[in-house]
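Its first residue numbered 71, the sequence shown is counted upward by one per residue in the numbering used here.
Where is the CB? At the ideal position from N, CA and C, for every residue including glycine.
On a predicted model such as this, the values are computed, not experimentally measured, just so you know.
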Amino acid sequence: ELPATRYRLCMSDTLSRLTRKAPPAISIDDYVAAMSLIDAAYEKTGR
71 ELPATRYRLC MSDTLSRLTR KAPPAISIDD YVAAMSLIDA AYEKTGR
């Protein structure tokens, strides 16, 4: 999937959960861990 598609799906899910007062799909700690992993991967490739 293209990044724009993933972003759109993520935002759609997030807004839907907020509307329904449902819990988030992942915790903020899991989000930070995932973003740190992605950042490290980019750094390793020199981007």
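Along the chain, where does the alpha helix (DSSP H) containing L72 start, and where does it finish? Element bounds for L72: n/a, residue is neither H nor E.
What's the C-alpha gap between M83 and K114? What sits at residue 83 in the sequence shown is Asp, not Met. Taking the straight line joining both Cα atoms gives about 31 Å.
Quick check on K114: does DSSP put it in helix, strand or coil? helix
Coarse secondary structure for A104, derived from DSSP in three states: helix
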